[in-house]
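**Q** My questions will all concern the structure given below.
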Amino acid sequence: MRSSAGRKTVGTVLGALALVVVLALGAGACGGKKVNMDVFEEHPCGDPEADVAKIWNKERRNEVASGMMQNGGVSAPQTVNAIDESMERLTDNYIELRAEFCEDAFVKEELPEVEYRRKVACLDQNLQRSLTHLDTLEVGESSAAADLALLADEIRLCK
């Protein structure tokens, strides 16, 4: 997945956003105003790394590799490597763009929330589409590997 430097950047952005939320809560409490906690129950930026882990994790990686090795023919090892590379690109792009959109919307306040939600929905749709390709690859249908590679690049169009 993401390098430790990339994770630090995402962590910094999400940490800064958490600080803004804490300060807003504190300011509301100090001013005697009631803060609607429902708004803060689910962070608007979510947890992109957790979202990715639901789709692509060690267990899923092993299931796809096993299916390809059993049913994918002589080119299965190369296909498994290509799948890994595609999913790494897809998940890295997803995490990077989610952090960027979050920072633009809630830290810099340069992106309207409606636009933020539209962009995140685009990212989420692409991540969900990868499930279909992974299911197909898991039964040894190597033709889905090319579609997955395209999807890994198409996710950047959400920008």
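If you count the sequence shown from 1, position 86 lands on 86 in my numbering, and the numbers rise without skipping.
All C-beta atoms, glycine included, are put in the ideal place defined by N, C-alpha and C.
From LEU177 to GLU110, what distance separates their C-alpha atoms?
**A** Since the first and last residues shown for the chain are 1 and 159, residue 177 lies out of range.
**Q** Between the Cα of LEU151 and the Cα atoms of ARG129, MET69 and SER66, which residue gives the shortest distance?
**A** As a first step, residue 151 must be located in the sequence shown, where it is residue number 151. With distances taken between Cα atoms, LEU151 lies closest to ARG129.
**Q** Between which two residues does the alpha helix (DSSP H) holding PHE101 run?
**A** Locating residue 101 in the sequence shown gives position 101, counting from the first residue. Boundaries of the alpha helix (DSSP H) harbouring PHE101: 76 to 102, taken from the DSSP string.
**Q** If we ignore side chains and look at the alpha-carbon of each, how far apart do CYS166 and GLN78 end up?
**A** Residue 166 is absent from the structure shown; the chain starts at 1 and stops at 159.
**Q** By the 10 Å Cβ neighbour count, where 16 or more other Cβ atoms means buried, how is LYS119 classified, buried or exposed?
**A** Stepping through the sequence shown from its first residue, residue 119 is reached at position 119. Result: buried.
**Q** Can you find a heavy atom of the ligand SAM that lies under 7 Å from the Cβ of HIS43?
**A** With respect to small molecules bound, the structure shown includes none, and the ligand SAM cannot be examined in it.
**Q** Looking only at its chain, what residues have a beta carbon closer than 7 Å to the beta carbon of TRP56, apart from the 5 residues adjacent to it on each side?
**A** On the sequence shown, residue 56 is found 56 positions in, with the first residue counted as 1. Once the five neighbours on either side are set aside, the close Cβ partners of TRP56 are MET87 and THR91.
**Q** If you follow the alpha helix (DSSP H) that SER142 is part of, which residue opens it and which one closes it?
**A** Mapped onto the sequence shown, residue 142 falls at position 142. From DSSP, SER142 is part of no alpha helix (DSSP H); its letter is neither H nor E.
**Q** Can you check whether the CB of SER142 is closer than 8 Å to the CB of SER66?
**A** Here residue 66 corresponds to residue number 66 of the sequence shown, with the count starting at 1. Here residue 142 corresponds to residue number 142 of the sequence shown, with the count starting at 1. In this structure, SER142 does not lie closer than 8 Å to SER66 by Cβ.
**Q** Around the C-beta of GLY73, are 16 or more other C-beta atoms found within 10 angstroms, so that it is buried, or is it exposed?
**A** In the sequence shown, residue 73 corresponds to position 73, counting from 1. GLY73 comes out exposed.
**Q** Should VAL59 be labelled buried (16 or more other beta-carbon atoms within 10 Å of its own) or exposed?
**A** By 1-based counting over the sequence shown, the position of residue 59 is 59. The sequence shown places Glu at residue 59, not Val. Result: exposed.
**Q** Taking the beta carbon of LEU127 as the centre, do at least 16 other beta carbons fall within 10 Å, making it buried, or is it exposed?
**A** Numbered from its first residue, the sequence shown carries residue 127 at position 127. Buried, since its Cβ has 16 or more Cβ neighbours within 10 Å.
**Q** Does the distance from the CB of PHE106 to the CB of PRO44 come in under 8 Å?
**A** Here the question's residue 106 lines up with position 106 in the sequence shown. Here the question's residue 44 lines up with position 44 in the sequence shown. Taking 8 Å as the Cβ cut-off, PHE106 and PRO44 qualify as a contacting pair.
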